[in-house]
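Chemist: Residue 545 in this note's numbering is what sits at position 54 of the sequence shown, and the numbering runs on without skipping anything.
I'd like to ask some things about the structure below.
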Amino acid sequence: MPGGWKECSALCGEWSLEASAYFNRFPDYIFAAETGEVIAGLPVFQFRSDMAEYYGFEVQGKIDLFDLGSTTIAADALLDYTRATLADGTAVPRIPPLRALGGVSARSRVFDARMEMEWARKVTRLSDFETPTDRYVSANASFDWRP
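Next comes the structure, spelled out in structure tokens:
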């Protein structure tokens, strides 16, 4: 589409898109591992060290859609993922799943308002003593007022 980016910029206003990918190898990664023991109703953890590899990505975009008087209406979205593996091939404990988040906001000199939805994929790649987590969707709303 000829002029597509230019037309969007003229109609929508400021926008940005960021993307990153990473790979890290930690020779002595320290993590808290559950032992399976329970004392006074609480799980017991032991700090351990092992080689770990982390890789993942994050993509994030923001755009100012339009102005309503002195209030700017904007939208944003984010997608991120991390995979972390210990030397024996097992999962590093407590690594979040693939996640997507989208939101709409209103910004002005007097207030900020925001609504967002977050989706997270089902967690099936688990460390010892972790339990599977179903996928979920959560909704958040916020309002900040500056008198």
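Every residue gets a Cβ at the ideal spot worked out from N, C-alpha and C, and that includes glycine.
1) Start and end of the beta strand (DSSP E) containing Arg475?
2) In angstroms, rounded to a whole number, what distance separates the CA positions of Ala597 and Ser511?
3) Run the CB neighbour count on Val454, radius 10 Å, all protein chains shown included, and call it buried at 16 or more, exposed below.
4) Pick helix, strand or coil for Gly504, following the three-state DSSP scheme.
5) On the DSSP bridge assignment, give the partners of Thr581 in chain order.
6) If you pair each beta-carbon of the region 515-528 with each one of the region 552-560, do three or more pairs fall below 8 Å?
7) State whether the region 584-601 contacts the region 621-638, with contact taken as three or more CB pairs (one from each stretch) at a distance under 8 Å.
8) Under DSSP, the beta strand (DSSP E) around Val614 begins and ends at which residues?
9) DSSP state of Leu533, grouped into three classes?
10) From Leu589 to Arg637, what distance separates their C-alpha atoms?
11) With H, G and I counted as helix, E and B as strand and the rest as coil, what does DSSP make of Ala625?
12) With Asp635 and Asp603 assumed to form a contact (beta carbons below 8 Å), what rounded beta-carbon distance in angstroms separates them?
13) Starting from the C-beta of Ala578, find all residues in its chain whose C-beta is less than 6 Å away, skip the five residues before and the five after it, and write them out in chain order.
14) I'd like to know whether the C-beta atoms of Leu570 and Val550 end up nearer to each other than 9 Å.
Modeler: This is what the structure gives:
1) The structure shown does not extend to residue 475, since the chain is modelled only from 492 to 638, so the question has no answer here.
2) 27 Å
3) Nothing can be reported for residue 454, as the shown portion of the chain is limited to 492 through 638.
4) coil
5) Thr581 pairs with nothing; no bridge assigned.
6) no
7) yes
8) Per DSSP, Val614 belongs to no beta strand (DSSP E) and is neither H nor E.
9) strand
10) 35 Å
11) Reading the sequence as shown, one finds Asp at residue 625 and not Ala. Note: Asp625 maps to coil in three-state DSSP.
12) 4 Å
13) Asp541, Met542
14) yes
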